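Just below is one structure, and these are the notes that go with it.
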Amino acid sequence: MPALLVRYPPGKTHRFELSSSPLTVGRSEACDIHLPSEEISREHAHIWIDEHNRVLVQDRRSKNGTRVDAGETFRNEVRVARRSIRVGEFELEIVEAPPADDTADTRVVFQPDPPTASGDASFFPPTRQLDLNTQRLSLLMSLAERISGVFDRKQLLEQALDACCEALSFERGLIVIKTQRGDTEAPVTRNVQRDASGAYTVSRTLINRALLHGERAVVNNLATDMVGNISDSLVRFPICSALCVPILHRDEILGAIYGDRITQASTYTNEDVDFLAAIARQVGVGLSSLRLLNRHVDLQRMVEEIKQARTIQRRLLPAEPLHVGRVALAGYNEPSSDVGGDYFDYFTLEDGRVGLTIADVTGHGLPAALLMANFQAAVHVGLTAGASLAELAARLNRLVYRNTSPSVFITAIVGRLDPETGLVEYVNAGHPAPVVLHNGGARLDMEGRALPFGIDQDERYETQALTPDDGLSAALFYTDGLVEAEDPQGQQLGYETIADALARVADPSADAVMRAALDIVSAHLGEARNLDDLTLLAMRWGA
0 MPALLVRYPP GKTHRFELSS SPLTVGRSEA CDIHLPSEEI SREHAHIWID EHNRVLVQDR
60 RSKNGTRVDA GETFRNEVRV ARRSIRVGEF ELEIVEAPPA DDTADTRVVF QPDPPTASGD
120 ASFFPPTRQL DLNTQRLSLL MSLAERISGV FDRKQLLEQA LDACCEALSF ERGLIVIKTQ
180 RGDTEAPVTR NVQRDASGAY TVSRTLINRA LLHGERAVVN NLATDMVGNI SDSLVRFPIC
240 SALCVPILHR DEILGAIYGD RITQASTYTN EDVDFLAAIA RQVGVGLSSL RLLNRHVDLQ
300 RMVEEIKQAR TIQRRLLPAE PLHVGRVALA GYNEPSSDVG GDYFDYFTLE DGRVGLTIAD
360 VTGHGLPAAL LMANFQAAVH VGLTAGASLA ELAARLNRLV YRNTSPSVFI TAIVGRLDPE
420 TGLVEYVNAG HPAPVVLHNG GARLDMEGRA LPFGIDQDER YETQALTPDD GLSAALFYTD
480 GLVEAEDPQG QQLGYETIAD ALARVADPSA DAVMRAALDI VSAHLGEARN LDDLTLLAMR
540 WGA
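Numbering of the sequence shown is given in numbering that gives the first Met the number 0, commencing with residue 0 and proceeding in unit increments.
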């Protein structure tokens with residue numbers, strides 16, 4: 000499967016897997032591929048792969064344009080990229096792309112010609128009303144019935160072209176479809192050959208006028224009437240007569256149907272082109288319906304995958320509160336989307352002590368959830384009974400730094416508690432300071448905060464400690480979805496409100512502390528929706 004390698008200064012490389020779902024590229028941190036440069040637009044380009052495994056690049060009206068394979072700069076277009084993509088000062092290298100398969104390529108490239116008319120040729124605008132007799136209306140209804148139950152694009156186009164060739168005595172024919180990348184392809188043809196350059200030996204002029212202007216055309220006596228007036232593609236091949244119409248759905252031109260005769264001397268009429276246009280409209284309805292169906296299927300598949308991801312993510316969290324020795328632990332997790340980038344965890348180590356973690360990945364959705372799952376696995380491997388917390392934090396930091404883009408980082412508290420003494424040791428990697436309850440009051444433990452994981456690979460971390468001998472009764476660890484929750488007026492909840500609410504908890508059990516935090520954030524939000532994931536980890540000494 001093709002992928003992108005993006006090199007960030009100073010020498011950091013990140014790999015992005017490509018799929019049929021476009022990756023957004025731009026200066027905005029919300030983009031899938033964040034490129035921090037003023038030369039780059041906020042949402043600069045989209046990159047994806049098509050059904051032939053080709054890498055497609057769509058420039059999104061960027062201010063400085065995009066280049067592929069060292070070619071010219073383009074804007075607001077879709078191009079195929081084989082080796083590299085240039086966005087501002089960043090070079091995106093394409094790796095693991097399959098070799099181009101020209102024999103399987105169904106693309107048709109047509110150069111636009113100016114609208115003209117001459118000799119025995121007629122061109123009609125898309126607004127001209129169709130004129131069909133009773134017999135052809137009956138044939139049209141029969142075709143509509145046949146293709147209404149077809150849910151495969153190629154099969155639909157095959158049946159439509161068969162009907163055209165049969166009803167209009169085409170000796171050659173093809174259906175041209177516009178693609179997402181802005182060019183065209185001919186997935187269905189009849190008796191049409193390619194020339195030495197690989198182009199189809201049909202009239203580019205007629206097809207271009209259908210695709211660009213929505214015109215339908217009937218042309219006869221090409222060899223005598225059209226020479227010098229329309230592109231030589233009409234007379235370069237022995238075409239006696241031809242029809243071409245656009246495939247329309249509402250005001251959108253989806254493609255074109257072309258057919259001709261190269262041996263018969265009989266001519267086509269205006270009624271013939273009207274009949275072909277009516278068939279094309281049926282095809283347009285069918286293609287549009289298929290597009291909607293495919294989107295629905297993709298959406299349903301995505302919904303199901305998200306449900307499965309959410310189920311897996313839930314299973315990664317502790318299933319129930321933990322009571323061990325002098326300490327009780329309880330947690331809560333509510334993602335803002337179906338899957339989130341927050342998590343909490345506690346688990347027993349081999350010497351009886353308990354490892355604990357609460358963390359927050361930048362962003363939301365599946366990418367954040369996948370990174371968090373990998374981070375959790377790394378914590379489980381590294382957080383052993385004998386591990387130095389400061390050294391473990393440094394290793395986790397380097398791991399995140401080397402395997403994520405510059406815009407991605409993780410805030411976290413990683414710690415270890417002794418259930419017999421109640422001693423809690425932890426490191427704070429840029430995470431919100433825990434609220435500690437003591438002697439009827441509450442305070443923030445602001446000591447020892449370092450940078451989040453993934454910002455600076457050389458960052459150093461210090462171990463902090465909490466102990467019940469200092470008069471502590473409970474503590475609440477949380478993600479920023481708690482303190483940054485906004486009411487309908489946009490006012491954030493804040494640290495002081497949380498601390499005041501927790502200080503009033505009469506019996507600060509782990510569950511009571513957690514419920515108090517949830518009650519205060521719920522009251523603050525009112526009718527508003529929390530835009531960030533919310534995760535809590537409550538601890539009670541003397542349980």
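Don't be surprised by glycine CBs; every beta carbon is placed ideally from N, CA and C. Here the structure is a predicted model, which is why all the values come from computation and not from measurement.
If you draw a straight line from the Cα of residue 401 to the Cα of residue 11, it comes to about 7 Å.
In this structure, DSSP gives residue 238 a state outside helix and strand, which the three-state scheme calls coil. The three-state secondary structure of residue 287, taken from DSSP, is helix. Residue 311 is classed as exposed because its beta carbon has fewer than 16 other beta carbons within 10 Å across all chains shown. Per DSSP, reduced to three states, the secondary structure at residue 365 is helical. The three-state secondary structure of residue 406, taken from DSSP, is coil. Its chain contains 515, 519 as the residues whose beta carbon lies nearer than 6 Å to that of residue 500, once the 5 sequence neighbours on both sides are disregarded; these appear in chain order.
DSSP places residue 157 in the uninterrupted alpha helix (DSSP H) bounded by 152-167. Secondary structure at residue 261: coil, using DSSP grouped into helix, strand and coil. Bounds of any beta strand (DSSP E) do not take in residue 502; it lies within the alpha helix (DSSP H) bounded by 494-502. Along the segment 430-507, the alpha helix (DSSP H) occurs as fully enclosed runs of 4 or more residues at 479-482, 494-502, listed in sequence order. Exclusion of the five residues before and after residue 315 leaves 342, 344, 372, 375 as the residues of its chain whose Cβ lies within less than 8 Å of its Cβ.
Beta-carbon to beta-carbon, residue 175 and residue 206 are separated by about 6 Å, close enough to satisfy the 8 Å threshold.
Residue 473 places its beta carbon less than 8 Å from that of residue 436. Residue 321 has 328 as its beta-bridge partners, per DSSP.
If you draw a straight line from the Cα of residue 320 to the Cα of residue 414, it is about 17 Å long. Distances from the CA of residue 38 to each of 183, 24, 29 were compared; the closest alpha carbon is that of 24.
Counting along the chain, residue 538 sits inside the beta strand (DSSP E) bounded by residues 533-540. Of 179, 309, 399, the smallest CA-CA separation from residue 377 is found for 399. For the pair of segments examined, the segment 444-463 was found not to touch the segment 502-515: the number of CB pairs separated by less than 8 Å stays below three. Residue pairing by DSSP leaves residue 170 without any beta bridge partner. Where residue 522 is concerned, the enclosing alpha helix (DSSP H) starts and stops at 509-524. Taking a 10 Å sphere around the C-beta of residue 8, we find fewer than 16 other C-beta atoms and assign the residue as exposed.
In terms of CA proximity to residue 457, 396 leads the group 396, 326, 211.
For residue 212, the enclosing alpha helix (DSSP H) covers residues 203-212. Separation of the CB atoms of residue 403 and residue 13 is rounded to 7 Å, and the pair is thereby assigned contact status at 8 Å.
Residue 482 and residue 359 have their C-alpha atoms roughly 14 Å apart. Residue 180 has its alpha-carbon roughly 29 Å from the corresponding atom of residue 143.
Residue 275 has its alpha-carbon roughly 39 Å from the corresponding atom of residue 67.
For residue 45, the uninterrupted beta strand (DSSP E) segment begins and ends at 44-48.
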